[in-house]
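As structure tokens, the structure follows; a few thoughts come after it.
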Amino acid sequence: MKVLFSSWQDVIVDNRGKPRDAWDDAKVKLPETYDGARKMTAFMGWGGVVILDEPFDIVEMAANYVKALQKSSCAKCFPCRVGTKVMEDIFARIVAGKGTAGDLAQLEGLCETISRNSKCGIGQLGPGPIVDSFKYFKKEYQEYVLGKKRGPGYFYPNKTTAPCTAACPTGMDIPLYIEQIKEGDFAGSLATIRTASPMACSLGRACFHPCENNCRRENVERSLAICKLKRFAWDYEDLHAVDKPGNPNRHTRPEKAAVIGAGPSGLSAAYYLLLQGFHVTIFEKLPTPGGAAWTGIPHYRIPKDVMMREVKYIEDLGGEIKYNVHFGKDETFASLRAKGFKAFFVATGGDLSKAMGVEGEDKNYQGVYGGIAALKEIVDFTIKDAVPNASAKIPTLAKPKKVLVVGGGNTAMDCVRSWIRLGCKDVNIVYRRTKKELPADPHEVHESEDEGVNYCFMLAPTKLVADGSGKVVGLECQKMEMGPPDESGRRKPVPVPGSEHLVEGDMVISAIGQDCDIFFLKEVPDVKTTKWKTIITNEETFQTAVPDIFAGGDVVSGPLNLVTAVGHARRAAQSMGQFLRGETVGISDEQRMEKVIATIGVYDKNEKVPMPGGWPRQEMPICDRQDKIGSFKEVELGYSLEAAVDEAGRCMRCYVVGMACVPEGASK
Amino acid sequence: MSHAAADTKTTITLTIDGQTVEVKNGTTILQAARRVGKKIPTLCYLEKTHPIGSCRVCSVEVAGVDGPVMSCNTPASDGMAITTDSEQLREFRRNMIQFILVNHPLDCPVCERSGECTLQNLTWQMGIKKHDWSTAAHEKKPVVDWGLIRYDQNLCVMCERCVHVCNEVQGINAFRVDGNGYAAKINTQDGKPLDCDFCGQCISVCPVGALSSGMYFSGRSWEMKRTATICPHCAVGCAFEVNTKKGKIVRITSNTALGTNKGNLCARGRFGYEFVHQGERLTAPMIRRGHGFETTDWDTAIAYVAEKLNGYRAAGKNAFAGIGSERATNEDNYLFQKFFRSALGSGNIDNMANMAGHDTAGGLFEAFGDFPMTISFDELKQGNLFVFIGLDGSNENPVVSNHIREAIHGHGAEVALAYSKEAFFLPSPRMKLTYGYAELHEFVVTLAGELAAAIKSGGGIPGGTVIAGDFEKRLEAELGGARAKLDGALNAQAAQLAALIKKKQKPVFLIGQEAQRHPRASAIVRNIVNLAKIAGGKVMVMREYCNSRGVNDMGVAPNVLPGYVKETRQELRAFDDLCTLINNHETKALIITDEDVLRRHADFVKFREAMDKVEFAVVVDQFYSLTAMAADVVLPSCTSFAKEGTFTNIEGRIQKINPAIEPVGNSRTVWRIFADIAKAMGHDFGYRSTADVQAEIAAKVPGYGAIIDGGMADYSGLINGSPALTWVEPASMKKPAPGELVLLPEHNLFVMGIYTDYCPSLRHLVGKHYADFHVEGKPYVDINPADAQALGLNAEDTVLFKSPKREWKGRVRMSGAVKPGSVRIPDEMDQSPSVIMTAGGREIQCHNLLGLMGKEKC
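Sequence order for the protein chains is X and A.
When we follow this note's numbering, the leftmost residue of the first sequence carries the number 162, and every step to the right adds one.
When we follow this note's numbering, the leftmost residue of the second sequence carries the number 29, and every step to the right adds one.
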């Protein structure tokens, strides 16, 4: 990207004085506008200073940046708490035209002391761009010190975040909840988690944890067990005699909101709407809550009785869940509007198993299942005693001799590991690429191999084969080989001609993905959809083209993951609240900054972190092997208190502040 | 089975300033450095909490790491090379202190901490003479509405020690960092005036003068003499330092190096010393002449008492009765019983630990010689599961809860609370069980039954006694009836608790006052012991006073001689016997030592009558108490702050007390008073010092050799170690009839009898902490909303309580935490066995089961 100046991550690109067409490229990536309309001319943050274009005022920006550091300072270490205040005062002097050369020298010394000694990223990384500004913008400072210049008063929106937080679709304040665990304030920790997600139980067990892939501790030795610590905070409340926080705003507003779908997104939206005081009713097609987290994630990963308590909390806060209501058939937008519902959150997820596109798929052979349907049956079967609300009609599960699961994602993992638990001895994955490309969580793959799952790589199904009575007997597959590199240099698997052969199996599960069922939108043609049958919403507010209809989760993103669905819900609930209160639906400057920061990226896997390693990550204890095979007992047993506190101690609180310069000023 | 840790080595080797050190894996750099005597300066670091890491003063250099590393919160790892001192480090450390000195008021000449201030010391050590940094100062008013705690934000360095100690050690979590950046301060969680247990741990850990005692304070650290001694209040026996100036106590400070309490104290320990110098203290002997007392000298008083007592000797041993003291030392009590048994020839003695409640509390060894009812705090801290039965852990012996929190934070121990109302404990207990007080016995039986069932279905507990024989039969026979008395929820919880006990194994049962003073205490305590035996666990009996244990060890009981040697010529059996003897005019002389029996005893009326009837009553006391007022001779005793001796705590640890002051006025040590009376009666015991008494105890009392050098009393000779389970028939109990209520006087941490009356600060807390307790002189009485509705009572309604002792008014407060069928009152209001509550024109009979004697006839 062409910028006027960049010191980002210590790579200096200085195009000042050069004609625009001779500008060098900087590796840094930033949006050119702040909010799609107003120009952003500079960015200051943990990696340095980036000047995109004129106009900008580096001294005024630095002064504002230090002010933001002081404002973000948690006050929990001396150098940052006091030092950034001293800096703020000096900068105020300089910007007011009363600075001296001595002030600049003092600032440089302060930057060194603060960054070397502070507890967290605010103090450690915050002075970095200030030092860069001294180094590369001496002239500008001198102008101020000589009294030649005053600040132009630009707008400097900013946001405090962290690599993990920025990577989390819910924007959870991860360093804070980890610190609260470290300090033994477990209730406080869960309260922090709940400001971003009410689903600590499910997320703490089954999140794909992008936070951990963006954890700076990885640069020291290994990332923090952020996900499992979340589970610890929830389990602690669940296992102990703790008074859960109530809802002080319970039903304090007259408006009624309808949530369609009691999955992670719907439940989360309901939670945040309830906390705003609205009446919320959730309409759920199934007799059970949890959506994909219930049907798609087996009991051994999220015990359903435990999840029931997570859901009950949302009911306790004032939410109502109406089960067995198939939206689009039993109720419609029109019928609910007639009942007084003023806003809708569509979170129906994606529960149709994708077709493999092979011959014989349309023949309804006995023994052929979609991945989600198969898992749902297993869940119903395994929890029939544990949960009273579970499906009244308990299926009789087929006991196959040999299971073939097509696909390599987490749903495929859940399927094979479930049938291992049902006692099947011959359980197979059929995947058209190699182990390296498996999209599933590597931990899941490892566990499944440990439990005895067989993997058939470089094999693509072409045809379902059945016997005369219509019972499936196997899958005709083609061997694959790596083809020549394509334009991007990547080699794609291509079928080996004539390699078709029968892979026997009396149960075939297609777990290659899901589609969304959005038939109910016929009633509201103005709501736009994509060709993949997902709903198009405003990316920031999750409002559809029909003002009272909002949507989020898999039905917007396409089948993805729990935490993204929860992230949508948190934002959508904010928008719905604005809508219901008659306010303008929109996002805050801080939320806009989230997007800016997401473009530049917070985590740098090449950064050298000045911290000694050797503090091993606490491993999660798991159940005995005999409990893994032939039973659906939860595999991961949860951290003990001392393990959790020790693990939390590894967090380096990598808070950082990002700031943009918007010369056109704040939005009115 | 768990995954192996990444680094399974148990010890690691590193070098510190070139010196090779081997430490346990998990040791921090700071701990490793201290092990080899390296002095790294610290400010926020506290040994008893997790590392805080706010001050950044303890930085070190680690080879290969660019920049300073905080030694307090960085674990040492194998092969690390540490440098603890360099010019760069000194510069950084100086800078950290200089940050604090920005605007830190130079109030040292008038600051309480001056001379013992960490900031002052570090500034001096680092040679900081000036600094260039500044920011505008905004003077903040000190916070003065935090009870006994005063917070001056101007002096605060934001080290967060108070926040951490309050949460991790004290379990109150009263404080938080409020705000961001330079404007941040320490505040209460809700921003309202501090409403805590006022243990003062925050003051003790404050490195500067930001948190200080709100009490009147005159003196600076270098003017004070510090004397290490043992707290005179509860039976935990915390060690502390008495700070005196010009012979007067000016404050109590904790010292982490002393005793078993590691610097932990509760409000009573830290603030409960003001009574010592109160003007109301008895300073001279007094003899009743006509309707009043005449002050006299010791010689006259001793001679008078000796002459009177000699006069009754001819009437036989039942002419005398005596009550020893839970607050007096072992030496005092030993002499008291020796005086009775040898000079008066009477064994009619007992103490309030045995008398105030029932027939078990004091005589636990007598009753349960088969089981070690002592467990050291070190052993306690190893526990995995703590089951509180009838114990309100934050009001009774609170420092024991600190030990338990250490086990919780240290190795994830769990707590289960069983109490007659929802009790408070942090970190959150694993379970809270609320039983109806009258059904405590049934609850314990059900718990035993559930544990038996869990063992039957899932195998026994290693090291536990197998349930069999008569006990098994009795348990089976009683279980159905017991279960039926509990509601469904409590039955289910009992099953859960039994499962938890089975899973965790080796539980520690802590038995509180409510269980010890229950009319069926014998059966209840016995069954808890059975539970402990079944689960291979331990029992700790919580005691009220500093020498509740020692008074029985010393044989101030009718049925045992010192060291629990059985007294075969047993005379007195219990309180009712004593009253009977007096009422039959058999007993002529009653001698009471350091016990305000009239105040403490539930049956005030009966005892008052007895005191009136007895011909000659001698009361040894520190104050002109209710009991002293009824005496014929009052002899002034000194407080434990002014004498030598030993107390035996609930562990069975014999701890030395040391005189910090001279006795107030002419008050004297109790043992000396009785030795003098004996001498005047012709029995010269020949002691010249406390050491002489101790030598005799060491020689004559089984298990008390440690009295010479301090240490644990050895009860092993008393315990036969039998694992057998014993069934004790529960005493019959008067239960409230339909429409009647159980009356439960509630204990208050700040109330410790007459001492509180003369400790203005604590008295202030009783009013302050329970501000809603005493509005318009009408304390709140807590009633379950269902009962209140049935009685037609609304919140704030006035109800009248009437007992033979007094009449008073209370205000109704609805509390879901209170079990239906009971009403809870502050225990200083009334502890009479039977109280009539008048509400809305109706009279409701209330039975105080807690204060009732074990036998209905009393």
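For each residue, glycine too, the CB sits at the ideal point set by N, CA and C.
Comparing alpha-carbon positions, the option among A:Gly265, A:Ser240 and A:Arg296 lying closest to Asp225 of chain A turns out to be A:Arg296. Against chain A, the CB of Lys473 of chain X has no partner CB under 7 Å away; the residue lies outside that interface. Distance from the Cα of Gly869 of chain A is smallest, within the candidate group A:Asp825, A:Glu724, A:Arg852 and A:Val197, for A:Asp825.
Against Phe347 of chain X, the close residues of chain A are Pro455 and Ser456, in the order they occur along the chain (beta-carbon pairs closer than 9 Å). By the Cβ-count criterion, Gly244 of chain X is buried, with 16 or more other Cβ atoms from all chains shown falling within 10 Å of its own Cβ. Residues of the stretch 266-282 of chain X with a C-beta atom less than 8 Å from some C-beta of chain A are Gln267, Leu271, Thr274, Arg277, Asn278, Ser279 and Lys280, listed in chain order. Fully contained in the stretch 593-627 of chain X are the following beta strand (DSSP E) runs of length 3 or more, in chain order: 615-617 and 620-627. DSSP places Glu751 of chain X inside the alpha helix (DSSP H), whose first and last residues are Asp750 to Ile761.
Out of A:Gly92, A:Ala312, A:Lys830 and A:Phe203, the CA that lies nearest to the CA of Asp327 of chain A is found in A:Ala312. By the Cβ rule, the stretch 197-209 of chain A does not count as touching the stretch 148-164 of chain A, because fewer than three pairs are nearer than 8 Å. When Cβ-Cβ separations below 7 Å define contact, Glu803 of chain X makes contact with chain A. In this structure, Ala187 of chain X lies near Met162 of chain X, with their beta-carbon atoms less than 7 Å apart.
Secondary structure at Ile177 of chain A: strand, using DSSP grouped into helix, strand and coil. Secondary structure note for Ser422 of chain A: it is in no alpha helix (DSSP H), with a DSSP letter that is neither H nor E. A direct Cα-Cα distance of roughly 52 Å separates Val220 of chain X from Asn292 of chain A. In this model, Ile403 of chain A and Met469 of chain X are separated by some 42 Å (Cα to Cα). Contact check for Cys238 of chain X and Arg122 of chain A: beta-carbon distance about 16 Å, past the 8 Å limit, so the pair fails to qualify. Of the residues X:Ile748, X:Ala805 and X:Cys784, the one whose Cα lies closest to the Cα of Leu390 of chain X is X:Ala805. Secondary structure note for Trp207 of chain X: it is in no beta strand (DSSP E), with a DSSP letter that is neither H nor E.
In this structure the stretch 714-729 of chain X touches the stretch 326-344 of chain X; the number of beta carbon pairs closer than 8 Å is three or more. By the C-beta density criterion, Lys683 of chain X is exposed, having fewer than 16 other C-beta atoms within 10 angstroms. Only those residues of the stretch 230-241 of chain X whose C-beta falls short of 7 Å from the nearest C-beta of chain A are listed: Gln231, Lys232, Ser233, Ser234, Cys235, Ala236, Lys237, Cys238, Phe239 and Pro240. Neighbourhood of His78 of chain A in chain X, by CB distance below 8 Å: Lys343, Glu344, Gly345, Val806 and Gly810, in chain order. In terms of Cβ geometry, Glu797 of chain X and Pro464 of chain X do not form a close pair [threshold 7 Å].
In this structure, Gly819 of chain X sits away from Gly282 of chain X, with a CB-CB distance that is not shorter than 7 Å.
Look at the beta carbons and you see the stretch 174-189 of chain X not touching the stretch 259-274 of chain X: under three pairs across the two are nearer than 8 Å. At least one C-beta of chain X is nearer than 7 Å to the C-beta of Thr163 of chain A. DSSP lists A:Lys213 as the beta-bridge partner residues of Asp206 of chain A. With its beta carbon less than 7 Å from one in chain X, Ala212 of chain A belongs to the interface. Looking at the backbone, the Cα of Gly659 of chain X and that of Glu522 of chain X are separated by about 21 Å. Gly540 of chain A places its beta carbon less than 7 Å from that of Met570 of chain A. If you look at Ser862 of chain A, you'll find it isn't in any alpha helix (DSSP H); it sits in the beta strand (DSSP E) that goes Ser862 to Ala867.
Contact between Ala60 of chain A and Ala104 of chain A holds: CB atoms are separated by about 5 Å, below the 8 Å threshold. The C-beta of Gly209 of chain A comes closer than 7 Å to at least one C-beta of chain X. Unbroken beta strand (DSSP E) runs of no fewer than 3 residues, entirely contained in the stretch 457-494 of chain A, are found at 459-462, following chain order. With contacts defined by Cβ atoms closer than 7 Å, Glu434 of chain A and Val473 of chain A do not form a contacting pair.
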